[in-house]
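Notes for the one structure printed next.
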Amino acid sequence: MTTSNSPDVDVLIVGLGPTGLISALALAQQGLSVRGLTRWHWLANSPRAHITNQRAMEVYRDLGIEEDATKQGTPWDLMGDTPVAVSMAGEEIARIQTWGTGYLRRGDYVQASPCPLLDIPQPYIEPVILNAAAHAGAKFMFNTEYLSYTELDDRVVVACRDEITGHEYEVSARYLIGADGAGSQIAEQLELAMHGHMARAGQAYIRFRGDLSAYLDTRPSVLNWFVNPAGAFGEIGLGSLRNVRPWDDWMCGFGFDMSKGELKMSNEEATQKVRAIVGDPTFDPEIVDIMIWYVNQQYASEYGRGRVFCGGDAVHRHPPSSGLGLNTCVQDAHNLAWKIAYHLKGYAGSGLVDTYTAERAPVGKQIVERANQSRLDYQRLRDALAVPGSKDPAADGLAKVKAPTPEGAAARKALREALELKDYEFNAEGVELNQRYASDAVIVDADAQPEVFVRDPQLFVQATTRPGAKLPHAWLVGKNKKKISTLDVVGKGRFTLLTGLSGTKWAAAAERLNLPFLQVVVIDTPGAQDLYANWQRVREIDEAGALLVRPDGFVAWRQSQDESTVDEAEAALRDVLARILDRPDMRGRSH
Ligand SMILES: Cc1cc2nc3c(=O)[nH]c(=O)nc-3n(C[C@H](O)[C@H](O)[C@H](O)COP(=O)(O)OP(=O)(O)OC[C@H]3O[C@@H](n4cnc5c(N)ncnc54)[C@H](O)[C@@H]3O)c2cc1C
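Residues in the sequence shown are numbered from 8 upward in steps of one, following our numbering.
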């Protein structure tokens with residue numbers, strides 16, 4: 008069924024968490040009319056996600072909010088000298104250099120991306136994104152409950168309720184994005200196939216204020232682990248102190264036995280728990296909140312269809328271990344937004360939007376499995392410290408790994424191995440940056456062989472220009488002799504044809520196409536000079552070859568050499584764009 012009038016907006020977004028907000032920003036920057044709604048009166052009201060990985064930072068950079076985010080966050084240098092100790096004040100068992108801050112890994116991280124990691128809790132990043140999205144023209148409705156949707160041929164009609172007045176009304180949109188979190192009604196109404204299960208373990212956070220800077224000045228870390236009876240329950244079996252603001256705003260985390268029902272805790276009990284984990288009976292925390300949450304292990308194998316698509320926790324639900332939640336939400340939104348925008352602007356067919364599931368669902372499955380495995384991997388650490396029959400496991404475990412005996416040496420070796428396994432949680436740059444998309448929006452090389460990873464693909468980034476991979480970062484020299492990344496010359500909502508000085512046919516053909524969404528960047532011309540010869544090292548094609556980079560920074564297609572004529576180059580470009588954009592008509596069209 009169709010109706011004669013236009014829909015109210017191009018895109019309606021239900022949910023203003025990271026998924027909804029990034030969707031709103033990216034779509035508004037594309038010039039679409041966007042409306043976002045949330046049932047709450049404001050954005051995130053608890054710290055929740057905080058670790059922001061390099062890929063999410065690259066998305067922020069592309070959307071122009073990296074600088075504002077960085078001003079609000081705790082810098083990379085303060086994130087990762089992470090102790091495993093009996094308490095914050097007590098003896099240390101080990102330290103893990105986390106989030107790439109360690110001397111063994113820092114170089115990998117610096118090489119792979121122009122963006123350092125950042126620790127920025129959700130209540131600080133969400134207003135940054137909202138502000139930018141509103142400036143770009145997105146409109147937002149708070150205190151608004153989503154009720155249901157009806158999909159028609161040319162639109163989606165969404166029923167909402169104003170939570171203040173009780174008034175019920177409808178909003179129509181060309182597309183609906185379900186960014187409504189782990190309890191997504193939209194994913195349910197879409198009947199997206201879900202795999203796994205929810206609420207398999209119980210976790211609690213006590214939010215408190217109190218100055219712990221004395222312990223952090225020499226070993227700054229936003230996450231601190233404690234082998235302590237106060238945090239011993241559950242598959243992690245450690246207490247944690249997670250920083251919100253250096254170093255006087257904290258969350259004290261621990262597992263609880265959910266078979267006994269939901270944890271109830273008085274402020275006095277919370278104070279005692281915090282004192283035990285801090286290791287100072289005189290410490291006087293100001294208890295702000297006690298939060299209960301459950302460990303989920305669930306992902307969707309389809310992210311939407313027709314005019315309705317979901318992203319973020321609506322389609323992947325998992326614990327915070329590995330810090331992948333918000334980061335994956337941001338990338339889902341960044342992937343979906345340009346596809347919807349290109350379709351609505353007439354640049355692409357609807358088949359482009361359908362590639363969203365093929366590209367993002369495998370990533371969602373991978374991160375759900377990774378985050379849950381990261382919790383299970385703590386078993387090795389507990390085994391290394393275990394003393395059978397002990398009445399005081401924390402003290403005895405410490406004594407075991409400090410013993411000047413062959414058994415002590417064996418325990419220390421087991422401890423080191425257990426800590427190395429934690430690299431898959433805390434130094435897994437490959438999990439964060441090695442995504443490879445396979446879909447109709449990517450054209451694999453004609454002679455493509457399966458990719459061989461030379462190092463562990465979970466831990467280490469493998470930079471490549473293979474179609475489906477993220478464009479490698481290399482420092483170039485831009486205008487005014489300023490250092491810029493290859494990532495800075497692509498993106499911003501456009502396709503980019505990247506070639507070198509000798510790729511003259513490609514450059515001429517792309518110029519001749521004169522498409523509003525395609526720019527040409529010739530490396531080594533003013534504004535993009537490869538003075539460090541870094542690009543030459545990573546580009547994997549001849550200088551005269553071409554790379555077609557999508558608006559989200561992923562390589563769509565590459566050709567190793569120049570064509571012999573501009574006409575041939577133009578025909579080749581038309582063909583690949585027609586395939587990628589689901590626009591068969593582009594093949595013959597002359598501009
Ligand atoms: C304790 C904790 C720690 C975490 N740590 C990290 C971390 O370090 N790094 C990381 O990347 N991730 C972390 N996460 C995960 C991260 O918080 C989530 O992945 C992220 O918030 C999900 O974003 P989202 O936008 O998909 O959904 P949400 O943030 O859950 O937002 C859902 C939105 O939908 C709205 N909504 C839902 N239903 C309706 C309705 N019917 N009507 C109107 N509005 C509705 C809500 O109001 C809200 O605006 C953590 C999570 C928790 C709980």
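The C-beta atom is built at its ideal place from N, Cα and C for all residues, glycine as well.
Check, Outcome
"Delimiting residues of the alpha helix (DSSP H) encompassing residue 136", "129-142"
"Sequence-distant residues of its chain with Cβ nearer than 6 Å to residue 377 (five each side left out)", "329 and 438"
"Three-pair Cβ contact test at 8 Å for the segment 530-548 versus the segment 469-477", "yes"
"Those residues which DSSP pairs with residue 202 across a bridge", "306"
"Distance cut-off 6 Å: residue 156 Cβ against heavy atoms of ligand 3", "Among the ligands in the structure shown, ligand 3 does not appear; only ligand 1 can be found there."
"First through last residue of the beta strand (DSSP E) which encompasses residue 381", "Note, residue 381: premise wrong, no beta strand (DSSP E); alpha helix (DSSP H) at 357-383."
"Proximity test, residue 236 beta-carbon vs ligand 1 heavy atom, cut-off 6 Å", "no"
"Inter-stretch contact at 8 Å, needing at least 3 Cβ pairs: the segment 27-40 / the segment 342-354", "yes"
"Residue 48 beta carbon near ligand 1 (any heavy atom closer than 6 Å)", "no"
"7 Å Cβ cutoff met for residue 539 and residue 482", "yes"
"Inter-residue spacing [alpha-carbon to alpha-carbon] between residue 598 and residue 513", "Residue confidence for residue 598 is low, a pLDDT of 44 falling below 50, so the modelled location carries little weight and cannot support an answer."
"Residue 323, DSSP secondary structure in three states", "strand"
"Continuous alpha helix (DSSP H) assignments of at least 4 residues falling wholly in the segment 224-306", "274-285"
"Whole-angstrom distance between residue 309 and residue 199, CA atom to CA atom", "6 Å"
"Secondary structure, beta strand (DSSP E): runs of 3+ residues fully inside the segment 60-93", "88-92"
"Whole beta strand (DSSP E) elements within the segment 146-226, 3-residue minimum", "146-148, 151-158, 163-169, 175-185 and 201-216"
"C-alpha distance - residue 173 paired with residue 262, whole-angstrom precision", "39 Å"
"Closer than 6 Å: residue 241 CB and nearest ligand 1 heavy atom", "no"
"Rounded separation between residue 259 and residue 271 - CA only", "15 Å"
"Enclosing alpha helix (DSSP H) for residue 27 [first to last residue]", "25-36"
"7 Å Cβ cutoff met for residue 17 and residue 351", "yes"
"Alpha-carbon to alpha-carbon, residue 237 and residue 426", "21 Å"
"Alpha helix (DSSP H) segment containing residue 335, residue limits", "332-351"
"Residue 319 Cβ short of 6 Å to ligand 1 heavy atom set", "yes"
"Contact the segment 141-148 vs the segment 291-304: 3+ CB pairs below 8 Å", "no"
"beta-carbon residue 618 near ligand 1 non-hydrogen atom, thresh 6 Å", "Lying outside 8 to 598, the shown extent of the chain, residue 618 is not represented and no answer is given."
"Status (buried if at least 16 other CB within 10 Å, exposed otherwise) for residue 522", "buried"
"Stretch pair the segment 482-497 + the segment 451-466: three plus CB contacts closer than 8 Å", "no"
"Sub-7 Å separation of residue 588 and residue 359 beta-carbons", "yes"
"The segment 412-420 / the segment 105-115 touching (three or more Cβ pairs under 8 Å)", "no"
"Residue ranges of each beta strand (DSSP E) within the segment 532-560, 3 or longer", "553-556"
"Distance, residue 75 Cα to residue 183 Cα", "28 Å"
"Expected contact under 8 Å - CB spacing of residue 255 and residue 216 to nearest Å", "6 Å"
"Extent of the continuous alpha helix (DSSP H) run through residue 513", "511-520"
"DSSP state of residue 418 mapped onto helix, strand, coil", "helix"
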